[in-house]
Every structure is written in C-alpha cells, then in structure tokens.
Amino acid sequence: MVSKLQLLLILCLSLCGNANILYTDQVTDLTTRPWTHLVQNGDFNIYRNRMSINNFRLALGDVNLILNIPRDGYKVFIGPDIETVKNALEEYRGTYFDTSTFLSGTSNVSLPISETAYIGILSGSNYDISIWVESFNGYRIAALFLGIYLFIKAKSLVKNAVFYYTTGAFAGLLAGFLILFYIAYRFLPKKYSILPMYLGGWGFITFILNLFWSEIKNFMGTHIIYMQLYVALSVIIMMAIFYRNGPPSDIRSINLCQWTIQLVGIILIFLSSRMVEFAGTIIVLLISFYYLMGPVIDVLGAAGKVKSKLFKSPPRPRKLLTEEEYEIEGEEYTRKELEKLKSFCASPGGDAWKIISRVHEPQKLASFVYNDEDPVSYIGFREDDFDIDTSSDSTFGDSFEREQIELLKKNLRDSKKRHRQSKKRNQKEVLQDEYGIKTMNFLTDDEL
Numbered sequence: 319m320v321s322k323l324q325l326l327l328i329l330c331l332s333l334c335g336n337a338n339i340l341y342t343d344q345v346t347d348l349t350t351r352p353w354t355h356l357v358q359n360g361d362f363n364i365y366r367n368r369m370s371i372n373n374f375r376l377a378l379g380d381v382n383l384i385l386n387i388p389r390d391g392y393k394v395f396i397g398p399d400i401e402t403v404k405n406a407l408e409e410y411r412g413t414y415f416d417t418s419t420f421l422s423g424t425s426n427v428s429l430p431i432s433e434t435a436y437i438g439i440l441s442g443s444n445y446d447i448s449i450w451v452e453s454f455n456g457y458r459i460a461a462l463f464l465g466i467y468l469f470i471k472a473k474s475l476v477k478n479a480v481f482y483y484t485t486g487a488f489a490g491l492l493a494g495f496l497i498l499f500y501i502a503y504r505f506l507p508k509k510y511s512i513l514p515m516y517l518g519g520w521g522f523i524t525f526i527l528n529l530f531w532s533e534i535k536n537f538m539g540t541h542i543i544y545m546q547l548y549v550a551l552s553v554i555i556m557m558a559i560f561y562r563n564g565p566p567s568d569i570r571s572i573n574l575c576q577w578t579i580q581l582v583g584i585i586l587i588f589l590s591s592r593m594v595e596f597a598g599t600i601i602v603l604l605i606s607f608y609y610l611m612g613p614v615i616d617v618l619g620a621a622g623k624v625k626s627k628l629f630k631s632p633p634r635p636r637k638l639l640t641e642e643e644y645e646i647e648g649e650e651y652t653r654k655e656l657e658k659l660k661s662f663c664a665s666p667g668g669d670a671w672k673i674i675s676r677v678h679e680p681q682k683l684a685s686f687v688y689n690d691e692d693p694v695s696y697i698g699f700r701e702d703d704f705d706i707d708t709s710s711d712s713t714f715g716d717s718f719e720r721e722q723i724e725l726l727k728k729n730l731r732d733s734k735k736r737h738r739q740s741k742k743r744n745q746k747e748v749l750q751d752e753y754g755i756k757t758m759n760f761l762t763d764d765e766l
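Take the sequence shown: its letters are residues 319 to 766, numbered as in the numbering used here.
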C-alpha cells in the first residue's frame, strides 16, 4: 500500500514542471532601462536591480542574471552596494590567475535574493543583460520534498530491500570513479602531485574537472557502448557484493544507516532554498516533529489510561438476542468450530492414529472430515444419542442437565428440519428450471 506521504511526494514531483502555473516568471531587461545603469568606466559597468516581489515568495525560486555574451569574454561582480563591487574589481585586477573564469560554464549567474543587488560587468564585447525571476524552481521543490521523505522514512528505508540494492547500484557507479582517481594518483609522482592540491584546494580540482569536461562529454558520446558496459559491470558487481553481505541486521548498523539517510535528507532540505531562514525553519520543525512527537504521543496515551481508570465511563448496554437470533448465532459458531476441527484432522500436522484411538466410531469421523456437506447438518448426531435415564442413579438426574439435553435435541431437530426444507427448495428450483427449459424448447420447435 502506498502511504499518504508517498502520494504527496509523487504529486509534488509531478507539479514541479508546472510550477509556473501558480506564479508567472518575470524577465526584466536592464539594457533598455537607463536608470539601472549607474557606473560606466570603459569596459566596466555597474547595474542596479531592485526586486518588486516579496522575498518569501522566492523561497523555492531563483533570480538569474542572463547575459548575451561570449563565454570567455566577461567577468561578473555582485555585491550589496557599489563599493563592494568596486573592491571586488580591484582584487580581480591584482590577481594573475583566476580559476573562476574557467568554472563559468554558462552565461547565467545566480543573484542573491535581496531587495537591491548591484551587478558589475567587465567585458570588452557588446552584450545584453536581463534579470529572470523564477518564482518556483522544480528542482528545488523536488529536493525539498525528497529530503523530507528521506528524513521521515529513513528507519523503514533501511529495512527495504529495493532501497538497499538501489543504493548499492549508485555506490557502484561512484566507486568506479573513485577507483579511476586512485589509479591516476598512483601513477603521478609522489613528491609533486599533491602540491597543486595543497595550493589550490578544491578550486584547483574543480578547475581541472571543468577544463577536461568537454573532452569527457565527447568521449562519453562517441564511446557510448563502453559507458553502458561500465555502468552494467559496476552495478552488477556492487549488487553482488551487497547481496553477499545482506541488509544490516544488528541495531547499531541500522542506526548508522538511518542517521546517514536523515543527514542526506537534511542536506537536501538545506540546499532546496537560497533563503537560509526558510530552510533552517523547515529543518528545525522537522526534527522537533520527528523526535518530540513520539514522547508526546506516549504521554497523551498514559494520560488517557489514567483518565479512563479515574473516570470510568458507564458500561454500554448489551444487545439482547431473540431466540431465533440466538439459535442462528449458535449454529454459525458451531459451524465455524467444526470447520476448524475438519481442517485440523485433514492437515499433515494432525496425528491420525492418536485421533482415531480416541474416538468410538472412526468411520463416522472420516466421513465427517472428508465430506463436503454442511458440518452442522452432517454431524450425524441422533436424538437417541442424548436419551437420558431418569432414574435416581443416573448421571443426568439433575433437572437442569435434563433441560439442557432436551434443548440440544430440539435444536438438532430444528436444524435437520431446516436442512430438509432447503434441500426440497433447491430440488424444486431445479425442476422449475428444467421445466422452463423444456417449455422454451417446445415452443421454439413448434414455431419452426
């Protein structure tokens, strides 16, 4: 069964592509607005952008700067005021090597979600500049609800076999890239290979990846068969390793996996919004709801038990049965128990020799077990089986026991009578159906 949370997640993911239906995106061309052009100093220009929309409405959206300009022919500086932008320009002119130029893969730059932003552009080429306000970003909405789902369902996902093997497949793909990096590191000279990483840090690593990204994409496009073979082999190998080890069984491994999945969910929630206040509020509410709701429910349950003990509610009035309802209910209960007895005697778990040794008429028991008729009507009891001796030495001399035996005999007579009536009724219906069919055939033949 699909839970309500899963249905909500699927609905939100399906609406991600149609988020613009709720709010229309705004595109503002700053080139055609002279009042936004504040500073012009040769190849360097500063523009000002003022937001006309509430910042909270952009909690799951983006503000993008779109430049119609060659990729390597510009440099963008963004700040809250003009002085910050000018200082960033001076720092840039004082550097001899800037890796961020190689990292700008497109001419779209994300702007901070604030009321006013100052944009400095250094370029010798002609360009057009515009601001694109995206009220809802489908990827951010998907990341938000995926993070909430992972955080809440982490405990059940750890024990889910499908999620376990899917994680193994993704781990296989990542492990292949890590192995390639390790092999490349082993072939590099040991003394000088790590020095650029120490000096440049992650910026140098991203610079190298961006430098060779076009070659990597060309290789993947021209050697698609080898890429498919790599993906298939890595997934099969990791699936075999995960199958060999099996899902985590001890409580510590389960807790570690659960906390890891919840941490991934929190990271997704934090990255789903550019407003730190919005993402932080969602995370705090989610953690409070998850870890405090359990104790609150336990306290409310204990309070309810104490209240029920101190303030006992009056007993509900029982429904009294008529004699006919009592007989029908007794017959249904007897039929249910006799069906259990039949299934037990016919099951492999029943010891046939022990059962036969404890009954007086084994043939009667076998006929009862392997017969398909109604067990209540086929039980085979006769009224003579309950004849009692009215003498004083009899075991059934008590008047109450005699009344019970007489009542049981009466119920048996009524049950047999109803069974005979139902048989006659069924036979009558069969005869009527046969007569009707013969009549129809006769009329049809007569018409012919």
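All C-beta atoms in this analysis are idealised placements derived from N, C-alpha and C, irrespective of residue type, glycine included.
Taking 8 Å as the threshold (C-beta atoms), are residue j and residue i in contact?
{"i": "Ala-487", "j": "Met-557", "result": "yes"}
{"i": "Ile-447", "j": "Tyr-392", "result": "no"}
{"i": "Ser-591", "j": "Leu-383", "result": "no"}
{"i": "Ile-470", "j": "Tyr-608", "result": "yes"}
{"i": "Ile-601", "j": "Ile-584", "result": "yes"}
{"i": "Pro-565", "j": "Ala-493", "result": "no"}
{"i": "Tyr-436", "j": "Ile-387", "result": "no"}
{"i": "Ser-476", "j": "Ile-572", "result": "The sequence given here places Val at residue 476; Ser does not occur at that position. Taking 8 Å as the Cβ cut-off, Val-476 and Ile-572 qualify as a contacting pair."}
{"i": "Tyr-445", "j": "Leu-496", "result": "no"}
{"i": "Gly-465", "j": "Ile-605", "result": "no"}
{"i": "Ile-449", "j": "Asn-367", "result": "yes"}
{"i": "Glu-647", "j": "Leu-639", "result": "yes"}
{"i": "Pro-666", "j": "Ile-674", "result": "no"}
Quick one: what's residue i bridged to in DSSP?
{"i": "Tyr-436", "result": "Arg-366 and Gly-397"}
Drop a sphere of 10 angstroms on the beta-carbon of residue i, count the other beta-carbons inside from all chains shown, and report buried for 16 or more, exposed for fewer.
{"i": "Ala-670", "result": "exposed"}
{"i": "Ala-621", "result": "exposed"}
{"i": "Phe-560", "result": "buried"}
{"i": "Phe-596", "result": "buried"}
{"i": "Asp-703", "result": "The predicted position of Asp-703 is uncertain, since its pLDDT is 47 and thus under 50; no value can be drawn from it."}
{"i": "Phe-374", "result": "exposed"}
{"i": "Arg-458", "result": "buried"}
{"i": "Val-614", "result": "exposed"}
{"i": "Leu-376", "result": "buried"}
{"i": "Asp-380", "result": "buried"}
{"i": "Gly-619", "result": "exposed"}
{"i": "Leu-277", "result": "This structure cannot settle anything about residue 277, because the visible part of the chain is limited to 319 through 766."}
{"i": "Ser-626", "result": "exposed"}
Could you tell me which of the options sits nearest to residue i, measuring between CA atoms?
{"i": "Val-582", "options": "Tyr-467, Arg-375, Thr-540 and Arg-676", "result": "Tyr-467"}
{"i": "Gly-442", "options": "Ser-552, Leu-586, Glu-655 and Phe-362", "result": "Phe-362"}
{"i": "Glu-641", "options": "Tyr-688, Lys-728 and Pro-666", "result": "Lys-728"}
{"i": "Ile-569", "options": "Lys-473, Ile-387 and Thr-540", "result": "Lys-473"}
{"i": "Arg-562", "options": "Leu-656, Phe-686 and Tyr-483", "result": "Tyr-483"}
{"i": "Ser-552", "options": "Phe-588, Ile-615 and Thr-485", "result": "Thr-485"}
{"i": "Arg-676", "options": "Arg-458, Tyr-688 and Cys-663", "result": "Cys-663"}
{"i": "Gln-576", "options": "Glu-657, Lys-682 and Phe-481", "result": "Phe-481"}
{"i": "Ala-550", "options": "Ile-501, Ile-605, Glu-533 and Gly-490", "result": "Gly-490"}
{"i": "Ile-396", "options": "Leu-440, Arg-375 and Leu-376", "result": "Leu-440"}
{"i": "Glu-657", "options": "Lys-625, Tyr-548 and Phe-686", "result": "Phe-686"}
{"i": "Val-394", "options": "Asp-616, Tyr-410 and Arg-653", "result": "Tyr-410"}
{"i": "Tyr-732", "options": "Ile-534, Ala-684 and Glu-645", "result": "Per the sequence shown, residue 732 should be read as Asp rather than Tyr. Among Ile-534, Ala-684 and Glu-645, the Cα nearest to that of Asp-732 belongs to Glu-645."}
{"i": "Ala-438", "options": "Leu-462, Lys-535, Pro-635 and Val-403", "result": "Contrary to the premise, residue 438 reads as Gly rather than Ala in this sequence. The candidate whose alpha carbon is nearest that of Gly-438 is Val-403."}
{"i": "Thr-434", "options": "Val-617, Pro-398 and Glu-408", "result": "Pro-398"}
Mind checking if residue i is an interface residue toward chain B, Cβ cutoff 8 Å exclusive?
{"i": "Gly-612", "result": "No chain B appears in this structure, which consists of one protein chain only."}
* Tell me, please, whether the segment 532–549 touches the segment 440–457 by the rule of three or more beta-carbon pairs shorter than 8 Å. => These segments do not touch.
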